[in-house]
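As structure tokens, the structure follows; a few thoughts come after it.
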């Protein structure tokens, strides 16, 4: 059997079990496909395929049952030197969903509700002892259920365990590599520092600003890693770029940037401030 590559097409089959239907996306850590189970043409799953060792299945296995908003691990295996993970197929990712609206930002109420769900699932991942390290709109998906839309967190390809099984905090390394996506990565990632829970929340906050129609000063330079990092550092302690947003955004940001690796994030305070905007500006109790 020939060795599979990242570039798969219909009607190729992974491990004699999973029929390739279409490619959904690709990144530096693998390619994601829509697949069906051989013998069940109506079934639909997502398959992540990558070369070499993949710790994602270990992390996904550890997270199963911790949250209903983390993609479900269906199966995993290898096909020659290619590793694959089969997960439940979720809805549209939040980047595509956001870009489908006029101005490429969400309606304010949707932006706030989705932002709350995003931090709730991030908290659940943290409580399970892991940090995601690549929080961005593409790694969240929205599923429309009819009664209540549900947000899923995807792609744990570069996640890291920050707590040992006994609950103690894993010591921060003095230096690390860059992890994340330039547009949403914490300035600490650009400085190659060990990332912690607070860095996931900095990335989450950048998302929230965009969802609500705010502007990220470094966005035009997202393809220039060095310049993007410089602009992020320049704006890190400033709140001027938040001046056109509700004051709660500044309050959240000022709290997040003061946090450190060891500190337990104040998730409920951040959620409460977003709910405050919903109630005051939109008359909605959420």
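Numbering (our numbering), first residue to last: 1192 to 1477.
From the three backbone atoms N, C-alpha and C, an ideal C-beta is built for every residue, glycine too.
Quiz prompt | Cβ neighbour criterion (16 or more within 10 Å) applied to residue 1477 | solution = exposed
Self-check item: Within 9 Å, strictly: CB atoms of residue 1458 and residue 1351
Solution: no
Quiz item: Excluding sequence positions up to five away, which residues of its chain have a Cβ less than 6 Å from the Cβ of residue 1375?
Solution: 1327, 1394, 1397
Exercise. Reducing DSSP to helix, strand and coil, say where residue 1330 ends up.
Key: helix
Self-check item: Rounded distance between the beta-carbons of residue 1254 and residue 1478, thought under 8 Å
Solution: Here the chain covers residues 1192 to 1477 and nothing more, so residue 1478 does not appear.
Quiz item: So residue 1448 is in the beta strand (DSSP E); what residue range does that whole segment cover?
Solution: Run containing residue 1448: none; DSSP gives neither H nor E here.
Self-check item: Contiguous alpha helix (DSSP H) assignments of at least 4 residues, all confined to the segment 1357 to 1441
Solution: 1378 to 1381, 1388 to 1402, 1416 to 1426
Quiz item: To the nearest angstrom, how far is it from the Cα of residue 1225 to the Cα of residue 1373?
Solution: 27 Å
Quiz item: Would you report the Cα separation of residue 1217 and residue 1346, rounded to the nearest angstrom?
Solution: 11 Å
Exercise. Output yes or no for whether 9 Å exceeds the beta carbon distance between residue 1276 and residue 1264.
Key: yes
Quiz item: Taking residue 1302 as the reference, which of 1440, 1452, 1215 has the closest Cα?
Solution: 1440
Practice problem: Would you mind working out which of 1444, 1251, 1402, 1409 sits nearest residue 1423, comparing C-alpha positions? | Solution: 1409
Quiz item: Based on the DSSP secondary-structure assignment, which residues constitute the bridge partners of residue 1267?
Solution: 1276
Quiz prompt | Straight-line Cα distance separating residue 1399 from residue 1280 | solution = 24 Å
Quiz item: Just how far apart, CA to CA, sit residue 1454 and residue 1389?
Solution: 8 Å
Quiz item: Between which two residues does the alpha helix (DSSP H) carrying residue 1288 extend?
Solution: 1285 to 1290
Quiz item: How would you write the range of the beta strand (DSSP E) that residue 1224 sits in, first residue to last?
Solution: 1221 to 1228
Quiz item: From the DSSP output, which residues share a beta bridge with residue 1300?
Solution: For residue 1300, which the question treats as bridged, DSSP gives no partner whatsoever.
Exercise. Please state whether DSSP places residue 1325 in a helix, a strand or coil.
Key: coil
Quiz item: Buried or exposed: residue 1278, going by 16 or more other Cβ atoms within 10 Å of its Cβ?
Solution: buried
Quiz item: In three-state DSSP terms, what is residue 1192?
Solution: Its pLDDT being 36, under 50, residue 1192 is placed unreliably in this model, and the coordinates cannot settle the point.
Quiz item: Just checking, does the segment 1457 to 1473 make contact with the segment 1287 to 1298 on the three C-beta pairs under 8 Å criterion?
Solution: no
Quiz item: Going by the beta-carbon positions, is the gap between residue 1206 and residue 1306 smaller than 9 Å?
Solution: no
Quiz item: Going along the chain, which residues of its own chain have a beta-carbon closer than 8 Å to the beta-carbon of residue 1364, five neighbours each way excluded?
Solution: 1385
Exercise. May I ask you to report which of helix, strand or coil DSSP gives residue 1463?
Key: helix
Practice problem: Between the Cα of residue 1228 and those of 1438, 1444, 1239, 1210, spot the shortest distance and give me the residue it belongs to. | Solution: 1210
Practice problem: Would you mind reading off the limits of the beta strand (DSSP E) that contains residue 1475? | Solution: Residue 1475 -> no beta strand (DSSP E), and no H or E assigned at all.
Quiz item: To the nearest whole angstrom, what separates the beta carbons of residue 1204 and residue 1473, a pair I think is in contact under 8 Å?
Solution: In fact, because the Cβ distance is near 49 Å, the residues do not count as touching under 8 Å.
Self-check item: From 1344, 1445, 1309, residue whose alpha carbon lies closest to that of residue 1251
Solution: 1344
Quiz item: Is DSSP giving residue 1308 helix, strand or coil here?
Solution: helix
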